[in-house]
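Counting from 1, position 102 in the sequence shown corresponds to residue 591 in my numbering; the numbering is continuous, with no gaps. Glycine residues also receive a C-beta, built at the ideal position from the N, C-alpha and C atoms. Report on the following structure.
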Amino acid sequence: MPLNILPGDTFLLAKPEQAVKHLWVIVTRPEGKSLRAVMVNLTTQKPHSDTTVVLARGDHPFIRHATVVNYSDARFVEAGHLEAALESGLFQFGSRCDPDVLKRIQDGLLRSRFTTLKIRTYCASRF
């Protein structure tokens with residue numbers, strides 16, 4: 490049975506090239522035959538970071554210091570791939586995003602100059 494993934498769901502997952510797990514946030518409802526959704530990851534703020542949306546302690550239980558949304562790394566994910574990763578132990582679900590925080594993340598995706606055109610266009614009609 491496929492996962493019931495919704496906007497605001499979060500999970501800890503390392504990128505293939507890294508060992509450090511980042512918090513990823515689902516920002517669109519899964520759609521289509523493959524149940525494809527868009528996700529973004531959160532990362533520690535650094536001097537060169539995209540600061541379109543800066544999150545702070547209290548915005549999510551995982552966040553302990555200034556954290557940014559890495560819009561340049563926003564990507565599509567299929568629910569089936571998440572399900573397989575969950576079953577294999579590659580990631581774990583985190584606490585859901587507060588609706589206000591999710592809205593800030595979604596609005597930032599449309600404003601950030603670092604969001605790819607493909608992702609921005611897809612999301613523009615879905616938020």
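Looking at the structure shown, is residue i part of a helix, part of a strand, or coil, going by DSSP?
i	result
Thr-540	coil
Met-490	Caution applies to Met-490, whose pLDDT of 42 falls short of 50 and renders its modelled position unreliable; the model cannot decide the point.
Leu-501	strand
Gln-534	coil
Ile-552	coil
Ser-614	coil
Leu-606	helix
Ser-577	helix
Asp-589	helix
Leu-599	helix
Of the residues the options, which one's Cα is nearest the Cα of residue i?
i	options	result
Gly-597	Val-558, Gly-547, Ser-523	Val-558
Leu-512	Lys-592, Ala-573, Phe-580	Phe-580
Asp-539	Val-529, Gly-569, Ala-574	Val-529
Val-516	Ala-573, Glu-567, Arg-553	Glu-567
Asn-493	Phe-582, Leu-591, Ser-614, Val-590	Phe-582
Evaluate residue i with the Cβ neighbour count: other Cβ atoms within 10 Å of its Cβ, from every protein chain shown; 16 or more gives buried, anything less gives exposed.
i	result
Val-527	buried
Ala-563	buried
Pro-550	exposed
Leu-606	exposed
Ser-601	buried
Thr-604	buried
Thr-533	exposed
Pro-496	buried
To which residues of the same chain is residue i closer than 7 Å at the C-beta, ignoring the five residues directly before and after it?
i	result
Lys-510	Leu-501, Leu-502, Ala-503
Tyr-611	Val-527
Strictly by DSSP, which residues pair up with residue i?
i	result
Glu-567	Arg-525
Phe-582	Phe-500
Less than 8 Å between C-beta atoms, sequence neighbours within five positions excluded: which residues of the same chain meet that for residue i?
i	result
Val-609	Note that residue 609 is Arg in the sequence shown, not Val. Once the five neighbours on either side are set aside, the close Cβ partners of Arg-609 are Leu-598, Leu-599.
Ala-574	Leu-502, Phe-580
Asp-595	It is Gln, not Asp, that sits at residue 595 in the sequence shown. Answer for Gln-595: Pro-496, Val-516, Cys-612, Phe-616, listed in chain order.
In chain order, what residues of the same chain lie with their CB nearer than 6 Å to the CB of residue i, ignoring the 5 residues before and after it?
i	result
Arg-593	Val-542
Leu-544	Ile-552, Thr-556
Asp-548	Val-590
Compute every distance between the C-beta of residue i and the non-hydrogen atoms of the ligand MG, then say whether any falls below 7 Å.
i	result
Ala-545	Looking for the ligand MG in the displayed structure turns up nothing, as the structure carries no ligands at all.
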